Amino acid sequence: MSEKTLTRMDLSEAVFREVGLSRNESAQLVESLLEHMSDALVRGEQVKISSFGTFSVRDKSARIGRNPKTGEEVPIQPRRVLTFRPSHLMKDRVASGNKA
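Counting in my numbering, the sequence shown tops out at residue 444, every number present.
Written as structure tokens, this is what we have:
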């Protein structure tokens with residue numbers, strides 16, 4: 345499995361190469377896009393990207409957990425969690441290893 349991680353800098357470099365914006369404009373575009381996505385998720389909205397997937401926030405209720413080492417019951421506080429559900433196209437592409 346590859347250890348490569350795609351970063352913001354990689355995304356802005358790709359925009360620079362493929363769209364033709366300056367490096368600074370490319371970085372601003374990527375930052376703006378990520379900020380819009382983050383803001384929508386904070387408001388509880390879904391972020392759907394066609395042929396990629398859906399990001400959403402789920403509210404998890406409080407529950408009783410168990411420490412696996414001691415067996416002691418521990419209360420788990422209610423919280424919001426970020427989830428990602430890939431599209432069928434993305435699932436198929438990852439499964440086949442296709443980079444096209």
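All C-beta atoms in this analysis are idealised placements derived from N, C-alpha and C, irrespective of residue type, glycine included.
Here the structure is a predicted model, which means the values were calculated and not measured.
Here the alpha carbon of I420 sits roughly 14 Å from the alpha carbon of P412. Look at L373 here: in three-state DSSP terms it is helix. Of the candidates L355, P422, E362, the residue whose Cα lies closest to the Cα of K404 is P422. Excluding five sequence positions before and after R424, the CB atoms of its chain that fall closer than 6 Å to its own CB belong to V401, D403, given in chain order. S395 counts as exposed, since fewer than 16 other C-beta atoms from the protein chains shown sit within 10 angstroms of its C-beta.
Where L355 is concerned, the enclosing alpha helix (DSSP H) starts and stops at 352-363. Between the C-alpha atoms of A371 and F428 there is a straight-line separation of about 24 Å.
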